[in-house]
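Okay, so here's the structure we're looking at.
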Amino acid sequence: MTTSAPLYGWYGDDFTGATDTLAVLAQAGLRSMLFMGVPGAEALAAAGPLDAVGIAGAARAMPPEAMRAEMSAVGRFFDKLAPPVLHYKVCSTFDSAPHVGNIACGIQTLHPFVSNRWVP
């Protein structure tokens with residue numbers, strides 16, 4: 817599959833979830849790369865053509881203010897990359913609290929950067 821832009825982007829709110837997504841995509845035959853933070857243009861170019869691009873984050877352990885800062889940068893990155901699908905991979909135990917790892921805060925922060933306004 818050769819495309820100029822990845823078909824799939826994801827942000828994992830912890831390293832384990834981000835690598836789980838990477839494994840599933842790689843098993844499906846998609847050329848996938850997981851970055852430890854928002855990659856710069858040079859790192860992205862060095863990865864070569866990709867079908868899927870992921871970012872391993874730490875939002876699960878962050879207060880809302882820190883989540884908004886990290887995930888806004890993630891949103892801007894994916895907005896420029898423009899994958900048709902942007903997946904917010906939350907912790908498999910669905911941990912969320914008002915003061916740390918707040919899933920609603922993550923969704924609200926990423927939502928403005930998604931071209932398809934429908935959020936499952």
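Quick note: the sequence shown uses our numbering, first residue 817, plus one each step.
Using N, Cα and C, we set each Cβ at its ideal position, and we do this for glycine too.
All values derive from a computational prediction rather than experimental measurement.
Please report the residue range of the beta strand (DSSP E) in which residue i lies.
{"i": "residue 883", "result": "Element bounds for residue 883: not the beta strand (DSSP E) but the alpha helix (DSSP H), 880-897."}
Going by DSSP in three states, residue i sits in which element: helix, strand or coil?
{"i": "residue 910", "result": "coil"}
{"i": "residue 902", "result": "strand"}
{"i": "residue 838", "result": "helix"}
{"i": "residue 873", "result": "coil"}
Rounded to whole angstroms, how far is the Cβ of residue i from the Cβ of residue j, which I believe are closer than 8 Å?
{"i": "residue 887", "j": "residue 824", "result": "Actually they are not in contact, since the Cβ atoms of residue 887 and residue 824 sit about 18 Å apart, beyond 8 Å."}
{"i": "residue 921", "j": "residue 880", "result": "5 Å"}
{"i": "residue 868", "j": "residue 848", "result": "4 Å"}
Hey, residue i and residue j: beta-carbon distance below 9 Å or not?
{"i": "residue 928", "j": "residue 821", "result": "no"}
Could you compute how far the alpha carbon of residue i sits from the alpha carbon of residue j?
{"i": "residue 882", "j": "residue 830", "result": "14 Å"}
{"i": "residue 910", "j": "residue 859", "result": "31 Å"}
{"i": "residue 893", "j": "residue 926", "result": "11 Å"}
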